[in-house]
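Residue numbers (this note's numbering): 60 to 249.
C-beta: ideal position from N, C-alpha, C; glycine also.
Keep in mind that this is a model prediction, so the values were computed, not measured.
To keep things clear, I will list the structure first and then write my remarks on it.
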């Protein structure tokens, strides 16, 4: 028997991975397919902070930048489309991993807020992929730094009880197909 639309759950799925691993491109394609997608808050924040007289940029003031990211992620979480699949380009565990990467203290508020948010425990992980890695103004890290961040993301998500599903190093369309097939296996249908 088919479930009525009102019976469908609101699902919040995270797509994570180090810098330059194709997350944003994948999410743009999922959005074109009609999925609800929330873009990476850190890129938007970096662009906005650059316009401020005393910017809170991650390479200058990581703790403050992390606070701003948390605020924006909490707003995104409340804007999830009910009874639909919602994809997030990074989430609160990413903030924790980046704070760890910067050897900063991790305030307990991050894990407290995470426990209150209903993210799916299965997370799509975009692995490091040197062939597609590109630096830009919001991504100044060298590829080697991307490898370190990817390892910290893996460790952090697993420590927080998430299960990582590694995306294939394949075309964006192949990645979209992989995600949709995985969702279909979990739900029986999308």
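Check whether residue i and residue j have beta carbons under 8 Å apart
i           : j           : result
residue 156 : residue 95  : no
residue 177 : residue 73  : no
residue 213 : residue 226 : no
residue 131 : residue 182 : no
residue 142 : residue 67  : yes
Those residues which DSSP pairs with residue i across a bridge
i           : result
residue 223 : 182
residue 194 : Looking at the DSSP assignment, residue 194 forms no beta bridge with any residue, so it has no partner.
residue 95  : 145
Closer than 8 Å to chain C by CB, residue i
i           : result
residue 222 : No chain C appears in this structure, which consists of one protein chain only.
Residue nearest to residue i in terms of C-alpha spacing, selected from the options
i           : options            : result
residue 86  : 76, 77, 97, 213    : 97
residue 93  : 145, 210, 213      : 145
residue 103 : 112, 216, 117, 113 : 117
residue 203 : 187, 217, 141, 214 : 187
residue 168 : 147, 179, 125      : 125
residue 127 : 158, 84, 220       : 158
residue 75  : 236, 230, 179      : 179
residue 134 : 242, 80, 172, 164  : 172
Buried or exposed by the 16-neighbour rule on C-beta atoms within 10 Å, applied to residue i
i           : result
residue 189 : exposed
residue 240 : exposed
residue 60  : At residue 60, the pLDDT of 37 sits below 50, so the modelled position is not reliable and the matter cannot be decided from this model.
residue 82  : buried
residue 191 : exposed
residue 113 : exposed
residue 235 : buried
residue 69  : exposed
residue 148 : buried
residue 105 : buried
Heavy atom of the ligand NAP within 7 Å of residue i beta-carbon
i           : result
residue 109 : Of ligands this structure carries none, so the ligand NAP is not represented either.
* Segments assigned beta strand (DSSP E), at least 3 residues, entirely inside the region 66-91 -> Fully enclosed beta strand (DSSP E) runs of 3 or longer: 70-76.
* **Whole alpha helix (DSSP H) elements within the region 99-143, 4-residue minimum** => Whole alpha helix (DSSP H) segments, 4+ residues: 100-108, 121-137.
* **Segments of 4+ residues assigned as alpha helix (DSSP H) that fall wholly inside the region 147-178** => DSSP runs (the alpha helix (DSSP H)) wholly in the region 147-178: 151-160, 168-175.
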